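Chains as they are written, first to last, in the working numbering: chain A, 3 to 287; chain Y, 282 to 389.
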Amino acid sequence: MVIKKEMTIMNHENDECEDVVNLDHTLKREIYLARKIQSKLLNGKHPEFQGGEVRGTSKPARLIGGDYFDFYPLLNGKIRIVIGDVMGKGIPAAMLMILTRGAFRSAAESTKGPGETLSAMNQALFQDLRTLKSFVTLCCADWDPLTKTFTYANAGHHLPLHIINKDNRTTSLPKTPGIMVGGLPNQNYPEQSIQIEDGDIIFFYTDGIIEAQNKDGEFFKIERLIQSLNECKEKNVEKIKDSIMQSLVTFTNDVPQKDDITMVILKITGEKSDISSLNAPAFTS
Amino acid sequence: MSLIINKELQYTTLILYFNGTMDISTAHIFNEEHLLHQPNQTYQKILLDFHNLEFIDSTGIGFLMEIFYYSNEYNKTIQFRGLSELNREIFEMIGLLHLLNEFKGEMV
Numbered sequence: 003m004v005i006k007k008e009m010t011i012m013n014h015e016n017d018e019c020e021d022v023v024n025l026d027h028t029l030k031r032e033i034y035l036a037r038k039i040q041s042k043l044l045n046g047k048h049p050e051f052q053g054g055e056v057r058g059t060s061k062p063a064r065l066i067g068g069d070y071f072d073f074y075p076l077l078n079g080k081i082r083i084v085i086g087d088v089m090g091k092g093i094p095a096a097m098l099m100i101l102t103r104g105a106f107r108s109a110a111e112s113t114k115g116p117g118e119t120l121s122a123m124n125q126a127l128f129q130d131l132r133t134l135k136s137f138v139t140l141c142c143a144d145w146d147p148l149t150k151t152f153t154y155a156n157a158g159h160h161l162p163l164h165i166i167n168k169d170n171r172t173t174s175l176p177k178t179p180g181i182m183v184g185g186l187p188n189q190n191y192p193e194q195s196i197q198i199e200d201g202d203i204i205f206f207y208t209d210g211i212i213e214a215q216n217k218d219g220e221f222f223k224i225e226r227l228i229q230s231l232n233e234c235k236e237k238n239v240e241k242i243k244d245s246i247m248q249s250l251v252t253f254t255n256d257v258p259q260k261d262d263i264t265m266v267i268l269k270i271t272g273e274k275s276d277i278s279s280l281n282a283p284a285f286t287s
Numbered sequence: 282m283s284l285i286i287n288k289e290l291q292y293t294t295l296i297l298y299f300n301g302t303m304d305i306s307t308a309h310i311f312n313e314e315h316l317l318h319q320p321n322q323t324y325q326k327i328l329l330d331f332h333n334l335e336f337i338d339s340t341g342i343g344f345l346m347e348i349f350y351y352s353n354e355y356n357k358t359i360q361f362r363g364l365s366e367l368n369r370e371i372f373e374m375i376g377l378l379h380l381l382n383e384f385k386g387e388m389v
C-alpha cells in the first residue's frame with residue numbers, strides 16, 4: 003500500500019516535470035514565432051521613390067523588442083516616416099510596439115501631417131498606456147520628394163541628425179516641443195519644416211545606439227555616432243546602415259547588447275524627382 | 282549595475298535619494314506605492330534627489346512618471362533636486378519636465 007502510494011507520487015512528479023519541459027518548449031517556440039513576426043513586420047518592404055532612398059533596421063536586445071519604425075507612402079507622393087521606442091524591453095514592450103504600429107498606420111491614413119499623426123496616436127493609445135504604466139517616444143516626419151521639404155514633429159524622442167553635405171557637418175534637427183505618447187491626454191505636437199539638399203542624410207535613431215556600452219562601461223555616445231556617419235556618408239543607405247551596425251559591433255566588442263537598436267536613414271541622392279502628386283511611391287522588398 | 286533608494290522624512294517632506302542606475306536591471310526596486318507609503322501619510326511634498334543618479338533609461342523614466350501620478354492622486358507636490366546637465370536634457374527631451382510642470386511640481 004505504501005509502495006503504491008510512493009509510486010503514485012513519483013508518477014505525479016514525473017508528470018509535472020514533463021509538463022514543465024513541454025511548457026518550456028512551447029514558450030520557446032512561441033517566443034521565436036513572435037520574434038519572426040516582429041522581424042517581418044519591422045524589416046519588411048521599404049518605399050522606393052525618385053531622388054532618394056530610405057531604409058530602416060532594428061535589432062532587439064532580447065529575442066523581441068520595443069523599438070519601432072515604419073513607412074507610410076501617402077497618396078500625395080509624400081512618405082510618412084516614424085521611429086519609436088516603447089518603455090521597457092522584451093515581450094511587454096513588443097506587445098505595445100504592435101499596438102503602436104496599428105495606431106500609426108491608422109493615424110497616418112487619416113491625418114494631414116506628422117503633428118496630427120502624433121496627436122491622434124496619443125489619443126488612441128493614452129488610456130492603454132496609462133493602464134499598463136508605460137509610454138512611447140516617437141518622432142514622425144513627412145518627406146516630400148517633389149519639394150524636398152522635410153516636415154517633422156516629436157513626441158519625446160531623440161531628434162534625428164541632419165548630415166549637411168555641402169557644409170560637411172552634422173547637426174540635430176531644430177527642437178520642436180512635444181511630450182512622450184502616453185504622458186498626458188489631448189496633446190498637440192507642433193511641426194517644423196526644413197529643406198533638404200542633394201547629398202544630405204536624415205538619420206533617425208533610438209537610444210540603444212548612443213547608449214551601447216563597451217567592456218569599460220563607456221557609452222557609444224552621439225559623438226561616435228556622428229563620426230561613424232561621417233566615415234560612411236558617401237555610401238548608399240543600405241551600406242550606411244551596415245557601417246553603423248559594424249561600428250557598434252566593433253565598439254561593444256562582444257559586450258551583450260542592453261537596449262534595442264534601431265535606425266532609419268533617409269538619403270537624398272539628387273536624382274530627378276518625377277513623382278506626380280497623386281502617385282504614391284511604390285514599396286519594394 | 283545597482284540602485285539604492287534611500288528614504289528620509291523631514292517634517293512634511295518625503296525625500297527619496299536615488300543612488301546608481303535606474304534601468305531595467307534595477308526595475309525590481311521600483312515600487313512607487315511601497316516607496317511613497319508612510320503611516321498616516323503625514324508628508325505633503327515629495328523631493329526627488331538625483332545627485333547620485335548615474336544613469337536612467339526609459340524604464341526609470343516610467344517609474345518617475347508613476348510617482349507623478351501617485352502624487353497627483355494623493356494631492357502631494359513634487360520637487361526635483363540635483364539633476365545633472367545630461368539627465369536634465371533627457372528629462373526635457375522626453376517631456377518629463379513638462380509633466381512636472383503639469384503636476385505643479387518644480388526644480389529646486
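Every residue gets a Cβ at the ideal spot worked out from N, C-alpha and C, and that includes glycine.
Source: prediction; values computed, not measured.
Residue i to residue j span [Cα, whole Å]
i	j	result
T358/Y	F349/Y	9 Å
E233/A	N312/Y	45 Å
N190/A	C142/A	13 Å
S365/Y	M265/A	27 Å
I277/A	Q52/A	Here the model assigns I277/A a pLDDT of 45, short of 50, so the residue's position is not dependable and the matter cannot be decided.
L295/Y	E383/Y	20 Å
L268/A	I198/A	10 Å
K200/A	P176/A	According to the sequence displayed, residue 200/A carries Asp and not Lys. One C-alpha to the other measures close to 19 Å.
L76/A	E111/A	8 Å
G272/A	I212/A	29 Å
F344/Y	L227/A	29 Å
T208/A	L25/A	34 Å
N167/A	S352/Y	49 Å
L65/A	Q215/A	19 Å
H318/Y	Q229/A	48 Å
S186/A	I342/Y	Checking the sequence shown, residue 186/A turns out to be Leu, not Ser. The straight-line gap from Cα to Cα measures roughly 14 Å.
E20/A	G301/Y	42 Å
V239/A	D72/A	16 Å
F222/A	G210/A	9 Å
L328/Y	M123/A	33 Å
I375/Y	N78/A	31 Å
H164/A	L148/A	19 Å
Q325/Y	D304/Y	28 Å
S283/Y	T307/Y	6 Å
Q291/Y	P94/A	38 Å
W145/A	I83/A	8 Å
DSSP state of residue i mapped onto helix, strand, coil
i	result
E220/A	coil
S283/Y	coil
D261/A	coil
E213/A	coil
Y292/Y	coil
G68/A	coil
M374/Y	helix
M303/Y	strand
Y34/A	helix
N78/A	coil
G90/A	coil
Y350/Y	helix
D17/A	helix
K269/A	strand
L359/A	A query on residue 359/A cannot be resolved here, the shown segment of chain A reaching from 3 to 287 and no further.
I83/A	strand
L186/A	coil
L297/Y	strand
Boundaries (first-last residue) of the beta strand (DSSP E) holding residue i
i	result
H332/Y	326-337
E50/A	48-51
E1/A	The structure shown does not extend to residue 1/A, since chain A is modelled only from 3 to 287, so the question has no answer here.
E55/A	54-61
Y207/A	203-207
I196/A	194-197
S174/A	171-174
F384/Y	It is not in any beta strand (DSSP E) - F384/Y carries neither H nor E in the DSSP assignment.
I359/Y	358-362
N-terminal and C-terminal residue of the alpha helix (DSSP H) that residue i is part of
i	result
T254/A	239-254
H315/Y	313-317
Residue i beta carbon near the ligand NAD (any heavy atom closer than 6 Å)
i	result
F128/A	The model on display carries no ligand, and the ligand NAD is accordingly not part of it.
Subject >> Touching by the beta-carbon criterion (3+ pairs, under 8 Å), the segment 175-189 of chain A and the segment 43-62 of chain A >> reply: no
Next item on the list: Ignoring anything shorter than 4 residues or poking outside the segment 103-168 of chain A, list the alpha helix (DSSP H) runs there in chain order.
Entry: 116-133
Worksheet item: Counting Cβ pairs closer than 8 Å, one from the segment 131-149 of chain A and one from the segment 86-97 of chain A, do we hit at least three?
Response: yes
Under 8 Å: do the segment 40-48 of chain A and the segment 247-263 of chain A share three or more Cβ pairs, one atom per stretch? no
Margin query: Under 8 Å: do the segment 106-122 of chain A and the segment 150-157 of chain A share three or more Cβ pairs, one atom per stretch?
Written below: yes
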